[in-house]
Structures are given as structure tokens and as C-alpha cells.
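Reviewing the structure listed below.
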Amino acid sequence: MYIKSRSFAMISFILVSIVFLPLLAGCEEPPMTTEEWIEMAVEAHTPNFDEEEIDFSEFRYNPELTWDRDMQYYVGTRIRALDDIPGIDEPVILVNGQPITRRNVEVIKIWGMMQNSFSLREGINAFIRDKVAILEAARLGIEPSQDAIEAYMRDITENFEEGLGDFVEMMLSHLDGLRITLDEYFVQLEIMAYDSFLLDELWFYIEPQGRYPNWEAYVDSLVSRASIQFLDEELSVLFRGF
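The opening residue of the sequence shown carries number 50 in our numbering; numbering runs sequentially from there.
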């Protein structure tokens with residue numbers, strides 16, 4: 050079964066973006082000055098806990114804790130720890146000759162476990178579908194509007210600077226766990242936005258042809274014609290009959 054969602058294009062960096070960006074769009078906090086936002090962000094980014102003093106071994110999915118600062122920090126450390134795994138950036142799946150790496154799979158696994166919202170197979174299915182569609186867009190020479198991407202990034206930045214209270218603390222805790230800066234995160238976010246807008250442009254190109262009733266049917270057709278190779282034995286078993 051395929052997940053019918055294009056939001057997984059963003060898994061290529063961190064799945065946290067899928068969760069956080071809708072919150073940004075719905076922010077209704079009163080506007081803050083840049084100085085006020087910076088002051089709040091600095092305070093939020095100052096950890097009031099020590100990684101060595103927290104027993105993360107008992108952390109399991111709990112709707113009450115999903116967005117807790119400590120949980121977000123923990124997830125960040127889990128993703129950061131992937132750097133220590135030998136061969137983490139080696140391909141484990143080839144989609145039309147292009148790699149999906151073990152890092153991609155492990156990030157999907159971490160967020161699936163923490164959110165308890167999708168299985169590993171479902172998450173990888175969705176990633177493969179987006180990968181196939183992005184490669185098709187490249188084959189057709191389709192590119193997203195840079196103006197649209199820049200406008201999107203301005204909206205995200207402005208919404209973030211308006212102040213999001215506890216959200217800012219959780220976001221910065223997660224980035225602290227990852228050991229990346231907010232600026233570095235926004236660079237990666239723009240890369241993910243490129244893929245998202247690229248998929249939009251692809252559908253704008255295909256839909257008028259009238260050959261497919263919806264986006265999912267179109268991607269189904271791409272996947273059915275795609276070359277998908279599972280290089281990892283465990284994944285090959287997981288996707289037997291794919």
C-alpha cells in the first residue's frame with residue numbers, strides 16, 4: 050500500500066519539517082519586533098537540562114510528549130548519531146538509478162517510531178513515490194518558480210519572527226540536538242521547498258493533458274514503470290512483492 054502524500058519529499062533532510070511547517074502557517078501570535086524575537090529565541094535556545102542527566106531509554110511514543118522540548122532534543126541527537134554509522138550514506142535502494150541512502154531510511158525509521166504515525170514500509174513507499182516524480186520532472190526539464198520559492202521562504206521567516214512561544218523552544222531544542230544552526234536549517238528548508246514546488250509544477254504540466262484523474266493516479270503510473278532495486282537484504286524482504 051502506498052501512502053497518498055507528497056509531504057514526504059521533505060524526508061530527505063529531517064521529517065520534523067513536515068510537522069512544524071503547518072504550525073507556522075497557522076500562527077496567530079501578535080507581531081514581535083526583531084529584537085524581541087531574538088531575545089526570546091536566545092532564551093529558548095539556552096538548554097535547562099543536560100543530555101547526560103536525562104534517561105532517554107524509556108522514551109516511547111506518547112501524544113502528551115510528542116512536542117516536548119526534551120523529546121525534540123532527543124530526536125535530534127538520534128538523527129545526529131547517524132553520522133557515526135559506517136556506510137550511512139551508501140545507497141540501499143536505487144530508483145531509476147538514483148540512490149536512497151541508509152541515512153534516509155534511518156531518519157524515516159526514527160520519526161515513524163517517535164510519532165507512531167506510519168510504518169517503515171509506508172514511509173519508504175512515500176519517499177520512493179516522491180523520488181520517482183522528482184526524477185520525472187527533471188527528465189521533462191521542468192523547474193519550479195524561484196520567485197515562488199523565495200516568497201515561501203519570506204513567509205516562513207516572517208511567521209517565525211512573529212514569535213511562536215513554546216514552538217520556538219521546541220524547534221531550537223531539536224536543532225540543538227542536531228547540532229545545526231537556525232540559518233543552516235533554513236538553507237535545508239529552501240532545498241526541500243524546491244522539491245515541493247517542483248512537484249507542483251509537474252502536476253500543472255500533466256493535469257491539462259487529461260490522462261490521469263488525479264496526482265496519485267499519475268504517480269501510480271510512474272511507479273509502475275520505474276526501475277526500483279532494493280540493495281539491502283532486510284529492505285528486500287520488507288518490500289517483497291513491491
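We treat Cβ as the ideally placed atom computed from N, Cα and C, and that holds for glycine.
Please classify F253: does DSSP put it in a helix, a strand, or coil?
To locate residue 253, count along the sequence shown from 1; it is residue 204. Three-state DSSP puts F253 in a helix.
In three-state terms, what does DSSP make of T230?
For this step, residue 230 is matched to residue 181 along the sequence shown. It is coil, neither helix nor strand.
Cβ-based burial, V258 [other Cβ within 10 Å; buried from 16]:
Your numbering for residue 258 matches position 209 in the sequence shown. Per the sequence shown, residue 258 should be read as Gln rather than Val. Sixteen is the threshold: since fewer than 16 other Cβ atoms of the shown chains lie within 10 Å of the Cβ of Q258, the residue is exposed.
Considering only DSSP beta bridges, list what I149 is partnered with.
Here residue 149 refers to the residue found at position 100 when the sequence shown is read from its first residue. Beta-bridge pairing links I149 to I142.
Which residue comes first and which comes last in the alpha helix (DSSP H) that contains Q121?
Position 72 of the sequence shown, counting from 1, holds the residue named residue 121. Taken as a continuous stretch (DSSP letters only), the alpha helix (DSSP H) holding Q121 covers R118 to R129.
Option nearest A275 by Cα separation, candidates T206, L221, I198 and N174
Reading the sequence shown from its first residue, position 226 is the one you call residue 275. The residue with the shortest Cα to Cα distance from A275 is N174.
Do you know how far the Cα of H223 is from the Cα of Y123?
Position 74 of the sequence shown, counted from the first residue, corresponds to residue 123. Position 174 of the sequence shown, counted from the first residue, corresponds to residue 223. Approximately 7 Å, taken between the alpha carbons.
Indicate whether the contact test is met: 3 or more Cβ pairs, each with one atom in the region 140 to 149 and one in the region 243 to 253, closer than 8 Å.
no
Pull up the DSSP beta-bridge partners for I277, would you.
The sequence position of residue 277 within the sequence shown is 228, counting from 1. For I277, which the question treats as bridged, DSSP gives the partners V144.
Is the number of C-beta pairs between the region 254 to 270 and the region 196 to 211 that are closer than 8 Å three or more?
no
Compare the Cα-Cα distances from M162 to each of M120, G190 and V141 and report the closest residue.
Here the question's residue 162 lines up with position 113 in the sequence shown. Nearest in C-alpha terms to M162, of all of M120, G190 and V141, is M120.
Need the endpoints of the alpha helix (DSSP H) that R170 sits in, please.
For the purposes of this step, residue 170 is identified with residue 121 of the sequence shown, where counting begins at 1. Taken as a continuous stretch (DSSP letters only), the alpha helix (DSSP H) holding R170 covers L169 to R188.
Within the continuous alpha helix (DSSP H) that includes S285, where are the two ends?
For the purposes of this step, residue 285 is identified with residue 236 of the sequence shown, where counting begins at 1. Its alpha helix (DSSP H) spans residues E282 to L287.
Straight-line gap, E233 to A266 (C-alpha atoms, nearest Å):
Numbered from its first residue, the sequence shown carries residue 233 at position 184. Numbered from its first residue, the sequence shown carries residue 266 at position 217. Taking the straight line joining both Cα atoms gives about 36 Å.
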